[in-house]
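Just below is one structure, and these are the notes that go with it.
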Amino acid sequence: GNSVTQMEGPVTLSEEAFLTINCTYTATGYPSLFWYVQYPGEGLQLLLKATKADDKGSNKGFEATYRKETTSFHLEKGSVQVSDSAVYFCALSEVLTGGGNKLTFGTGTQLKVEL
Amino acid sequence: ETGVTQSPTHLIKTRGQQVTLRCSSQSGHNTVSWYQQALGQGPQFIFQYYREEENGRGNFPPRFSGLQFPNYSSELNVNALELDDSALYLCASSSARTSGRYEQYFGPGTRLTVT
Chain D
375 GNSVTQMEGP VTLSEEAFLT INCTYTATGY PSLFWYVQYP GEGLQLLLKA
425 TKADDKGSNK GFEATYRKET TSFHLEKGSV QVSDSAVYFC ALSEVLTGGG
475 NKLTFGTGTQ LKVEL
Chain W
28 ETGVTQSPTH LIKTRGQQVT LRCSSQSGHN TVSWYQQALG QGPQFIFQYY
78 REEENGRGNF PPRFSGLQFP NYSSELNVNA LELDDSALYL CASSSARTSG
128 RYEQYFGPGT RLTVT
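Quick note, the sequences are listed as chains D and W, same order. To convert a position in the first sequence, counted from 1, into the working numbering, add 374. To convert a position in the second sequence, counted from 1, into the working numbering, add 27.
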């Protein structure tokens, strides 16, 4: 079945450092790919998405490029802030037999940004 | 635009009891999905509802059941609660029953503790 693998955390960075969180996937076909962020005690917020190969999703300074050849969707940010501290989930969308879609998530990567 | 809301926020139940969790979808969305997120893990798909019918189901036993109402709100029912059912239950809504390209928007979740 489809699956998503993320780098394990926690990832601890100093403010203004460069961030990369690795994500690779296994899937049949060409799923849409997503990054979601979860702040402590909250639900998931959609951060960015890409729907086809070579698409780049971006939002709030975060970027990720859909790489079909390496089946990857790594999350990057040039300069992190303390407010970026959260858990980040990579996910892929797959079609259900009855139509519609479900999301398959990785295990999440906790990011801690320190002053 | 109203986002996805869930109730209650927290719930404590005893093993063997039954529980009902509720979700109101984002305005304009007609599809609701439910996910279970165990501590330190990514969300796992339970099932999805569209037009008041179950549209797809993950690897969860039949004691997990659901409903969708004409106003697109939804309930998740869990019978014969087990200790392992302790988790954050997330509801997500989306706007179409199509090819899997549509992102899902999550509510804040209901934290269920089974003792």
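C-beta atoms are modelled at their ideal positions from N, C-alpha and C, and glycine is treated no differently.
Separation of residue j from residue i, as counted between CA atoms
i      : j      : result
D/E389 : D/Q455 : 5 Å
W/S126 : D/T444 : Residue confidence for W/S126 is low, a pLDDT of 46 falling below 50, so the modelled location carries little weight; the figure read from the coordinates is stated next. Their Cα atoms are separated by approximately 23 Å.
D/Q484 : D/V461 : 4 Å
D/S459 : D/L449 : 14 Å
D/Q380 : D/I395 : 7 Å
W/L103 : W/L66  : 19 Å
D/L387 : W/T142 : 38 Å
7 Å Cβ shell around residue i - same chain, five flanking residues per side excluded
i      : result
W/G136 : Q33, L115, Y116, L117
The beta strand (DSSP E) enclosing residue i, as first and last residue numbers
i      : result
D/K423 : 418-424
D/K476 : 475-479
W/R78  : Careful: W/R78 lies outside any beta strand (DSSP E) and carries neither H nor E.
W/R49  : 46-51
D/K486 : 483-488
W/G93  : 91-95
W/A114 : 114-121
W/Q33  : 32-34
Nearest neighbour of residue i, chosen from the options [CA to CA]
i      : options                        : result
D/L477 : W/K40, W/V46, W/Q53, W/P70     : W/P70
D/K426 : D/L470, D/A438, D/L420         : D/A438
W/V105 : W/L38, W/T29, W/Q53            : W/L38
D/D429 : D/F447, D/G383, D/Q412         : D/F447
D/K442 : D/Y404, D/G383, D/G482, D/F436 : D/Y404
W/R49  : W/R42, W/A107, W/Q95           : W/Q95
Distance CB(residue i)-CB(residue j) smaller than 9 Å
i      : j      : result
D/A401 : D/L466 : yes
W/S101 : W/S54  : no
W/Y99  : W/G30  : no
Cβ neighbours of residue i in the same chain (closer than 8 Å, five flanking residues each side left out)
i      : result
D/K423 : S406, L407, F408, W409, G431
W/T140 : H37, L38, I39, K40, S113
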